[in-house]
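Notes for the one structure printed next.
In this note's numbering, the protein residues as written are 4 to 713.
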C-alpha cells in the first residue's frame, strides 16, 4: 500500500522525489527572471549586471526562509490583523535594506522593496506549487514536512476530526453527490466507508443555536440569530465577539465537546477547547500573543502569498458571477456590490486556508478531537443561491480541502475518524421586500405608529368580508373606540442598533424568522394586551400573504400559533379553524415552536414567513437569496456523514443537542475516558403539557382538529 501511494503521488509531479536540488535551482532561476523583469518595468529599480538577478533571487529566498519565520515571532499580530499584507510590508523593509548591500543594485525607496518582495515571492511560490501538477500534491508535501517536524509519541486511540460545511442542507448534498460536485464525499459513500443521514435543527435554524448545541450540549434561550433581552436591555447578536463570549459563558460547563486536548477552528464557540483559532467567542480574549494559532501558517511566506492571490482571484470570480446574474436576469437575486466581494473572499479563501492549516497542525500534533467550520458555501449561497453555479464551485473547493485532510491524516501519529456534518441547510426564494415592496419593519411601524385603521365593525364590502378567520377573531377582541392608539410620532430606527430598544418597538430579522419586541414592557406581552394597544398590528400580520404564522402568548390558554385560516394551541395540540398553520412546516414544527416558546427571551411576536410547498421557497426578512433561521424548506434539515465503523445513531436526530450526544458517545466509544459519562443518543421527546382552560377568544364556530402528538 505504501509503495502504491508513493507511485500514485509521484505520478502527479513534474519533478519526482529526490530532485530537491533541481527544484530549488528552478525556483531560483524563475525568481531571477522575475527580478530581471521588475528591473526593466519598475521605475528606479536597477540591478546593474544581469547576473545580479540570480543574486537577488537567492537573497530573497534566504530572507523568506530565515528572516520571515523569525520576523513572525514578533509581528504575528500585525500579520493576522492584515491577512498577511502587513507581514509583507515588514518583510519588504527587510528586503529593502538587504538588497541595498548588493553592489550595483539600486532601490528608490522602501515601497519599491515591498513590491519586489511581494512580486518575487508570488512568482516563486506559484512556481514551487506548479512543480506538482496539482495543489493536492503540494499540500501533501507540506503535510509530510509538518509530520516530520511535529511527529510526537504514537497513540493507538483514534482521534475524531469533525469538519462542518456551514449551511449545506441534506438534500442539496445528495444532489451534489449525484452530480459530481463533491467527489471526495461521493467516493466515501460509494466505497462503503461512510454513511449519510439527515438531522433536524431547532426552529432557530442558524449557526449560533446549532453550534452552541453541538459544541456545548445546550442552546436553550437562543430564539434566533439576534434577539433582545428585556431584563438586560441588551441586543444579542450571535456573531458579535462580545455576545458570542457571553453566550458561551451561559452554556459552557467546562466539559464541552472539545474539552480534552481539543481544537476549535473557525467556529462561533470554543466547545471548551484548549487550542483555538478563528473562533469568535475567544477573539481578543486569548492569553498570549494574538494569532498564535496561525503561527505555522504565516511563518511560510508562500502560504501567505498563495492565500492573498487566491483571495484576489475570488474577488474577480465574484464580480464576474454577479455581472452574469444581472445580464441573464437571474431571479431571485440581491445586490452584491460594495465590500461584499471582499467579505466573500475572506470566507471562501482566507478563513478556509487558516482553518484547514489549523486542522492539519492539530492532526500532526495528535490532538484528541477537532471541530472546524468551513463557511464559504454558506456565505456564497446567501447571495448567489443555494445551488447556483458559483455556489457549487465553492462547495467543490471545500470537498477538495476535505480530501486533502483525509489523505494527510495517514501521516498523523494516531489514527483519525473523519466526520463531515452541517449545522443547518438553506432555503431559497425572493425576499419579503422584493415580493411586496415593503419590509417587515415598515409594516410593524405603520401598524404601531400610525392612526389605526377602522375595526371590522366599521368595515364594509370586500375588505371586511375577505378577512381570514384569525383576523376577524382578533378584531373582535377590541370593540370600536376602546383601543389605545400608539403615539403617531414614534418610529423605529435600524433593527441592528441597540438604541432602537428605547423606541418602544424593536423589529429583528433572522433569515425568514422575524421578531417583534415591545421594549417598554418588562414581561412578554400577551396577545390580548398587544391587540388592545396596537389593534391593527396582529390582524395586519396574520392577513399578510408573506406571513406563514405568528407565535403569541395568551392570558388563559398558553401560547397559540396563528395563521390566516387557523390556530394551533401549543399546550394541548388543539387546532381550531380550517387549516393548521403549522401543517406545511414539517412533522416536527409543533415541537420546534413549543421549545422556542419556552425560552425566557422569546419575542412578544414571533413571525415565520410564508413557505410555498410547491416551490419550497420562503421569503427572507433580510436581503438574502438563500436564507435560514426559521421553518420552511430545506433549511431545517442538516446532515451527518460518518465512518461506518462508529456506532449507528438512533434516528431520527432532532436538535443539535442530540447531535452533541452522538459525537460525545463516539468519543467515549473510541476509548477517550473523559467522555465515558456520555450516553447513547436518543430522539428528543417533548413531554405534553397538562390541558388548561379554554381561551375566550371569539373564534368562529368551526371544526376542531384532533391534537397530534409529535
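Here a beta-carbon is modelled for each residue, glycine too, at the ideal position from N, C-alpha and C. Remember, it's a predicted structure, so these values are computed and weren't measured experimentally.
Rounded C-alpha distance that separates residue i from residue j
i: residue 363; j: residue 45; result: 39 angstroms
i: residue 369; j: residue 408; result: 14 angstroms
i: residue 464; j: residue 636; result: For residue 464, the predicted structure reports a pLDDT of 32, less than 50, and the residue's modelled location is therefore unreliable. A value from the coordinates is still provided. Their Cα atoms are separated by approximately 37 angstroms.
i: residue 275; j: residue 180; result: 34 angstroms
i: residue 523; j: residue 509; result: 10 angstroms
i: residue 735; j: residue 47; result: What the structure shows of the chain is the stretch from 4 to 713, and residue 735 is not part of that stretch, so it cannot be assessed.
i: residue 62; j: residue 365; result: 33 angstroms
i: residue 386; j: residue 431; result: 10 angstroms
i: residue 359; j: residue 549; result: 41 angstroms
i: residue 284; j: residue 217; result: 15 angstroms
i: residue 665; j: residue 171; result: 20 angstroms
i: residue 602; j: residue 610; result: 16 angstroms
i: residue 146; j: residue 28; result: 23 angstroms
i: residue 511; j: residue 631; result: 14 angstroms
i: residue 423; j: residue 222; result: 21 angstroms
i: residue 220; j: residue 516; result: 24 angstroms
i: residue 651; j: residue 253; result: 31 angstroms
i: residue 292; j: residue 280; result: A caution first: residue 292 carries a pLDDT of 44, below 50, which makes its placement in the model unreliable, though a value can still be read off. Distance between the alpha carbons of residue 292 and residue 280 is about 12 angstroms.
i: residue 657; j: residue 121; result: 50 angstroms
i: residue 580; j: residue 190; result: 50 angstroms
i: residue 562; j: residue 584; result: 14 angstroms
i: residue 175; j: residue 391; result: 11 angstroms
i: residue 21; j: residue 419; result: For residue 21, the predicted model reports a pLDDT of 46, less than 50, meaning its position is unreliable and no value from the coordinates is stated.
Residue i in three-state terms, based on DSSP
i: residue 226; result: coil
i: residue 148; result: helix
i: residue 248; result: helix
i: residue 358; result: helix
i: residue 611; result: strand
i: residue 233; result: coil
i: residue 466; result: Residue placement at residue 466 is poorly supported in this model, since its pLDDT is 43, which falls under 50; the coordinates still yield a value, given next. Helix at residue 466.
i: residue 598; result: helix
i: residue 367; result: helix
i: residue 199; result: strand
i: residue 395; result: helix
i: residue 704; result: With a pLDDT of 30 at residue 704, under the threshold of 50, the modelled position of this residue cannot be trusted; read the value that follows with caution. Of the three classes helix, strand and coil, the one that applies to residue 704 here is coil, per DSSP.
i: residue 376; result: strand
i: residue 523; result: coil
i: residue 142; result: helix
i: residue 332; result: coil
i: residue 313; result: helix
i: residue 181; result: helix
i: residue 606; result: coil
i: residue 112; result: coil
i: residue 386; result: helix
i: residue 168; result: strand
i: residue 49; result: strand
i: residue 174; result: helix
i: residue 58; result: helix
Own chain, CB closer than 7 angstroms to residue i, minus 5 neighbours either side, in chain order
i: residue 232; result: 239, 604
i: residue 607; result: 519, 520, 521, 527, 528, 533
i: residue 450; result: 537, 539, 540, 543
i: residue 380; result: 168, 169, 170, 171, 394, 397, 398, 401
i: residue 264; result: 277, 370, 371
Close beta carbons around residue i, own chain, < 6 angstroms, minus the five adjacent residues each side
i: residue 112; result: none
i: residue 116; result: 95, 98, 99, 110
i: residue 623; result: 434, 514, 515, 630
i: residue 241; result: 211, 228
Beta-carbon contacts of residue i that lie in its chain and below 8 angstroms, excluding the five residues immediately before and after
i: residue 338; result: 626
i: residue 107; result: 49, 50, 51, 52, 55
i: residue 356; result: 300, 306, 309, 310, 313
i: residue 674; result: 160, 161
Residue-level contact to chain D via CB, residue i, 8 angstroms cutoff
i: residue 594; result: Protein chains in the displayed structure number just one, and chain D is not present.
Original post:
Pairing CB atoms from the region 546–564 with CB atoms from the region 161–175, are three or more of them under 8 angstroms?
Top reply: The region 546–564 makes no contact with the region 161–175; the number of CB pairs closer than 8 angstroms stays below 3.
Original post:
Touching or not, the region 412–424 and the region 307–316, by the rule of three or more beta carbon pairs under 8 angstroms?
Top reply: No contact exists between the region 412–424 and the region 307–316.
Subject >> the region 343–353 in contact with the region 580–593 per 3-pair CB rule at 8 angstroms >> reply: With the rule of 3 Cβ pairs closer than 8 angstroms, the region 343–353 does not count as touching the region 580–593.
Subject >> Inside the region 399–456 only - beta strand (DSSP E) runs reaching at least 3 residues >> reply: Fully enclosed beta strand (DSSP E) runs of 3 or longer: 419–424.
Original post:
Unbroken beta strand (DSSP E) runs of length 3 or more, entirely within the region 541–581: which are they?
Top reply: Here the runs fully enclosed are 550–556, 562–566, 569–572, 578–580.
Subject >> Inter-stretch contact (C-beta, 8 angstroms, three-pair minimum) for the region 637–655 and the region 517–532 >> reply: Remark: fewer than three beta-carbon pairs, one from each stretch, lie closer than 8 angstroms, so the region 637–655 and the region 517–532 are not flagged as touching.
Original post:
Any contact of the region 184–194 with the region 393–407, i.e. 3+ C-beta pairs under 8 angstroms?
Top reply: Short answer: they touch.
**OP:** Jot down the residue ranges of each uninterrupted beta strand (DSSP E) in the region 626–670, minimum 3 residues, whole runs only, in chain order.
**Re:** If we require 3 residues or more, the beta strand (DSSP E) runs fully inside the region 626–670 come out as 640–646.
Subject >> Three or more C-beta pairs below 8 angstroms linking the region 198–205 and the region 638–658 >> reply: Using a C-beta cut-off of 8 angstroms, the region 198–205 makes contact with the region 638–658, since at least three inter-stretch Cβ pairs fall below that distance.
Original post:
So, do the region 371–387 and the region 261–271 have three or more beta carbon pairs nearer to each other than 8 angstroms?
Top reply: Between the region 371–387 and the region 261–271 there are three or more inter-stretch CB-CB distances shorter than 8 angstroms, so the stretches are counted as touching.
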